[in-house]
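Residues in the sequence shown are numbered consecutively from 1, following the UniProt record's numbering. A short write-up of the structure that comes next.
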Amino acid sequence: MGSPAAICFEPNRPLAVETVRVAPPGHGEAMVEIVASGLCHTDLTALDGVNATSVYPLIPGHEGAGRVVEVGEGVIGLAPGDHVIPLYGPECMHCRMCRSSRTNLCWTIKPTRDKGVMPDGTARFSWDTAPVHHFMGTSTLSRYTVVPEIALAKIRKDAPLDKVCLFGCGVTTGVGAALSEIREGDAVAVFGLGGIGINVIQGARLAGATTIIGVDITDRKNELARAYGMTDFINAGREGAKVVQAIRDLTAGGADVAFECTGIVPVMRQAFDCCHPAWGTAVLLGVEPPGAEMGFPPVGVRYGRTIRGSYFGGVKGRSGLGRLIDFYMDGELDLDRQITHTLALDQVNRGFDLMRTGESVRSVIHFE
Ligand SMILES: [Zn+2]
Ligand SMILES: [Zn+2]
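This is the structure:
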């Protein structure tokens, strides 16, 4: 099958929009016709050559939604016509991780996913007879992609695919983390008001937080963050080292939960320091540079603070995504205001430029 796709032939080169060949789905796999795909920062790390699981050439994209058009042998839970969201974190439902309620991780197909191939060790994409690798196991910047069944969340058919594609990464990461960490009446701080941070904010509102403090180095996302539930804003560019004290002042001694959404290690430390002694929790969501380490005083943890991390908002992809989509369909979550740009596939490089300059919150590529 021929499919228009954005190919990253090598790092630090614009994406090339070409027609690739997509082989039929293998055992346990399904072919998905992607309707729309949001652009996320992690795609940019592959384009910039700083993503350890990128094998070039590759097709980026991991925030897509579409319809199943063909299933391979052994697929039992999906049929053509089903609406799905590809998951970079699968849920096989059988491994020890899937059977544990302590994690949403499933590493069943991680070894091959991280090499850019399907579980049988080969890629389904090719261009000019040479294989093109999958990225994050999803490659949603291709009109047609092939994904293992265990990495496809089947979703309700009345959910608009050009919007709910955002549940493939940013919205779920932010909202899921907020819902699992925040208790009603909490005071929370959110560092970084990008695609993750603003969704932590609307998740915090949904979870019943009463004080929601946003921290960013620009005022640009202020209006959107306030619309999503932010009650106070601190400009870290102007406040500098005083950010931690400013949060303590606004929260009578420290945040109940602080979310770090920038991946900047010194900001992670601020998220830890601004937490209330004895019970505050710092939740790390941002992805740090390769090899980075974080220091913290052990006494802070011994007296009761917690540092936690979260992957995909702690949401088990196939069994847990439906609940979040229901929140959106019931009007409890907003997607429309954070989709600042909609683009065609041949404008994909412009989409990443808008991300680099901070002009966009989310750009969504529409395939139809
Ligand atoms: Zn992402
Ligand atoms: Zn599993």
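Even glycine gets a Cβ: it sits at the ideal position worked out from N, Cα and C.
Nearest candidate by alpha-carbon position, reference residue i, set the options
| i | options | result |
| --- | --- | --- |
| residue 41 | 194, 167 and 14 | 194 |
| residue 85 | 167, 304, 176 and 118 | 167 |
| residue 335 | 52, 174, 6 and 148 | 174 |
| residue 36 | 237, 186, 356 and 344 | 344 |
| residue 264 | 202, 279 and 293 | 293 |
| residue 189 | 337, 109, 160 and 230 | 230 |
| residue 308 | 326, 103 and 211 | 103 |
| residue 109 | 125, 137, 83 and 123 | 137 |
| residue 29 | 14, 80, 12 and 274 | 80 |
| residue 25 | 5, 68, 16 and 52 | 68 |
| residue 240 | 267, 295 and 358 | 267 |
| residue 150 | 66, 328, 183 and 319 | 319 |
Simplified DSSP state of residue i, which is helix, strand or coil
| i | result |
| --- | --- |
| residue 144 | strand |
| residue 367 | coil |
| residue 51 | coil |
| residue 112 | helix |
| residue 230 | coil |
| residue 259 | strand |
| residue 362 | strand |
| residue 337 | helix |
| residue 70 | strand |
| residue 18 | strand |
| residue 131 | strand |
| residue 136 | coil |
| residue 239 | helix |
| residue 344 | strand |
| residue 93 | coil |
| residue 11 | coil |
Cβ-Cβ separation, residue j to residue i (assumed contact under 8 Å), whole Å
| i | j | result |
| --- | --- | --- |
| residue 20 | residue 127 | 5 Å |
| residue 132 | residue 57 | 5 Å |
| residue 39 | residue 352 | 6 Å |
| residue 209 | residue 259 | Not really, about 11 Å apart at Cβ, beyond 8 Å. |
| residue 213 | residue 237 | 16 Å between Cβ atoms; not a contact. |
| residue 215 | residue 234 | 5 Å |
| residue 165 | residue 364 | 7 Å |
Distance cut-off 8 Å: residue i Cβ against heavy atoms of ligand 3
| i | result |
| --- | --- |
| residue 92 | This structure lacks ligand 3; its bound ligands are ligand 1 and ligand 2. |
Residue span of the alpha helix (DSSP H) that contains residue i, given as start and end
| i | result |
| --- | --- |
| residue 43 | 41-47 |
| residue 99 | 96-99 |
| residue 154 | Premise fails: residue 154 lies in the beta strand (DSSP E), 152-155, not in any alpha helix (DSSP H). |
| residue 102 | Taken as a continuous stretch (DSSP letters only), residue 102 belongs to no alpha helix (DSSP H), as it is neither H nor E. |
| residue 355 | 348-356 |
Endpoints, the beta strand (DSSP E) within which residue i is located
| i | result |
| --- | --- |
| residue 116 | Counting along the chain, residue 116 falls outside any beta strand (DSSP E), and DSSP gives it neither H nor E. |
| residue 81 | From DSSP, residue 81 is part of no beta strand (DSSP E); its letter is neither H nor E. |
| residue 125 | 125-127 |
| residue 7 | 2-7 |
| residue 61 | Counting along the chain, residue 61 falls outside any beta strand (DSSP E), and DSSP gives it neither H nor E. |
| residue 23 | Element bounds for residue 23: n/a, residue is neither H nor E. |
| residue 264 | No beta strand (DSSP E) holds residue 264; DSSP gives it neither H nor E. |
| residue 254 | Per DSSP, residue 254 belongs to no beta strand (DSSP E) and is neither H nor E. |
| residue 38 | 29-38 |
At which residue ranges does the region 274-333 contain complete alpha helix (DSSP H) runs of 4 or more residues, listed in the order of the chain? Runs of the alpha helix (DSSP H) inside the region 274-333: 298-302 and 317-329.
Mind pulling the beta strand (DSSP E) runs of 3 or more residues that sit fully within the region 144-224? Segments of the beta strand (DSSP E) lying fully in the region 144-224: 144-148, 152-155, 187-191 and 211-216.
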